[in-house]
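Take any residue in the sequence shown, note its place counting from 1, add 307, and you have its number in the UniProt record's numbering.
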Amino acid sequence: AAKNGGRGQFRFYSADLKDEEEERQLLLDDLRQALESDQLELHYQPVVRVADNRVVGMEALMRWEHEERGWVSPGLFIPVAEDSSLIAPLGDWALHRACQDAAQWPATVRVAVNVSARQFTAAGFVDVVADALQASGLAPDRLELELTESVFMGDSDATDATFHALKQLGVRLALDDFGTGYSSLSYLRSAPFDKLKVDKSFVDTCTQKDQNSAKIITAIIGLSKALGMETTVEGVEAFDQLEVVKARGGELVQGWIFAKAMPQAMVLQNIHDGAFLIEPSGPDKHRPDRR
Ligand code: C2E
Ligand code: MG
Ligand code: MG
Ligand code: MG
308 AAKNGGRGQF RFYSADLKDE EEERQLLLDD LRQALESDQL ELHYQPVVRV
358 ADNRVVGMEA LMRWEHEERG WVSPGLFIPV AEDSSLIAPL GDWALHRACQ
408 DAAQWPATVR VAVNVSARQF TAAGFVDVVA DALQASGLAP DRLELELTES
458 VFMGDSDATD ATFHALKQLG VRLALDDFGT GYSSLSYLRS APFDKLKVDK
508 SFVDTCTQKD QNSAKIITAI IGLSKALGME TTVEGVEAFD QLEVVKARGG
558 ELVQGWIFAK AMPQAMVLQN IHDGAFLIEP SGPDKHRPDR R
């Protein structure tokens, strides 16, 4: 069984530990400690303009190597943090770190940071963004906040006010995982997004014979263009997928076909003459990342 000891105490992670709630609590305690002791990292995944293979942006993705658990997926620990108050300091940390790192990249490369609904709707969020920009000196239009439709679940007046304040700051807004939530189209009517990110699930099936996913990708790109937004297609892993996405009008691609997320040191190594180019090559060549 697991014992919930204090900081720095040894802990067992027994396979017998069945109590999910207890396990969540342990993970949350460990995550809190990881944040406090600087054990979290941000890795960056390139967003590539397929016309010339130029990197135009990077998405900051949180990485956590736990001493016993190994690499813990953000798909696991982010939802746990989101169900607690920890998401606020965790998200603030990511914003600050990402802006600081991006300030060292060429000015043509933006940074995208994921923002949880709970973080977005918390009082003081706009100030955190302003602080992160100020502390890093990053130009506001180089920061893109990635939101999901869940931000629209709360008080809509407060949400509108936050959107407005963020646009006043000059940061960019992207709607992540587009096409997987619901009622998205009514949100698009008024929310000031600069970009839609086509969810990976459409790419996964875009080479299928029936072509429905490919057609949906075409439609999302068309919708996005009509509303004056950019589109990034996420999760492109294979050459045949890349071909479909290009044929369907996709201009910006993020996926393992170009690169996985990499640490800041590797980003800096890849910058040559103030620019950053990547050829598509499939996932296997890109070792640095664990996911
Ligand atoms: P997301 O924002 O949709 O990020 C894209 C996810 O797709 C990342 O997973 C990325 O590694 C993965 N991905 C990109 N290209 C490919 C590909 O070609 N193939 C495959 N199989 N996967 C690909 P990751 O890093 O595990 O992050 C999962 C989710 O965790 C993110 O989804 C985001 O919702 C959340 N997340 C990560 N970092 C943060 C953060 O700092 N703050 C918040 N609030 N959420 C975060
Ligand atoms: Mg994202
Ligand atoms: Mg996404
Ligand atoms: Mg996601």
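For glycine and all other residues, C-beta sits at the position ideal for the given N, C-alpha and C. Since the structure is predicted, the reported quantities are computational estimates derived from the model, not experimental observations.
Limits of the unbroken alpha helix (DSSP H) element including residue i
i      : result
Trp400 : 394-409
Arg494 : Correcting the residue type first, residue 494 is Tyr in the shown sequence and not Arg. Counting along the chain, the alpha helix (DSSP H) containing Tyr494 begins and ends at 491-497.
Arg331 : 327-343
Gln441 : 432-443
Asp464 : 463-476
Spatial distance of residue i from residue j (CA atoms)
i      : j      : result
Met460 : Asp580 : 45 Å
Ile523 : Phe509 : 8 Å
Ala429 : Val560 : 31 Å
Arg594 : Ala367 : Summary for Arg594: the model assigns pLDDT 48, below 50, so the residue's position carries little reliability; its value from the coordinates is reported in the next sentence. When rounded, the distance between both Cα atoms is 18 Å.
Val420 : Asn519 : 30 Å
Arg417 : Arg339 : 29 Å
Asp438 : Asp517 : 49 Å
Gly529 : Gln576 : 36 Å
Ala341 : Glu327 : 21 Å
Thr525 : Gly556 : 7 Å
Lys567 : Ala395 : 26 Å
Thr539 : Glu343 : 34 Å
Asp462 : Thr455 : 15 Å
Val551 : Cys513 : 7 Å
Glu372 : Ala533 : 42 Å
Arg425 : Trp400 : 15 Å
Gln346 : Gln407 : 17 Å
Leu549 : Lys504 : 15 Å
Leu584 : Glu329 : 46 Å
Ala582 : Arg361 : 8 Å
Ala442 : Asp434 : 12 Å
Gly398 : Leu445 : 18 Å
Ala414 : Arg449 : 8 Å
Met569 : Pro587 : 16 Å
Phe384 : Leu452 : 20 Å
Pro381 : Gly542 : 16 Å
Tyr494 : Val458 : 10 Å
Thr487 : Asp506 : 7 Å
Leu476 : Ala498 : 15 Å
Leu402 : Asp464 : 24 Å
Gly377 : Leu335 : 15 Å
Arg479 : Ala358 : 22 Å
Trp563 : Ala554 : 19 Å
Phe485 : Asp501 : 13 Å
Ser423 : Asp483 : 11 Å
Gln411 : Glu544 : 28 Å
Ala481 : Ala572 : 26 Å
Ile578 : Glu348 : 20 Å
Ala388 : Ala521 : 34 Å
Gln515 : Glu537 : 25 Å
Lys474 : Val379 : 34 Å
Glu558 : Val354 : 10 Å
Paired residues, beta bridge with residue i - DSSP
i      : result
Asn421 : Glu453
Leu575 : Per DSSP, none; premise fails for Leu575.
Gly377 : His373
Pro353 : Met365
Glu389 : Glu389 pairs with nothing; no bridge assigned.
Glu348 : Arg370
Ala582 : His579
Residue span of the beta strand (DSSP E) that contains residue i, given as start and end
i      : result
Ala367 : 361-373
Phe485 : 479-485
At 3 residues or longer, what runs of the beta strand (DSSP E) sit wholly inside the segment 491-574? 502-505, 537-541, 559-561
Hey, which residues come within less than 6 Å of ligand 2, measuring from Cβ to any heavy atom, in chain order? Glu366, Asn421, Glu453, Asp483
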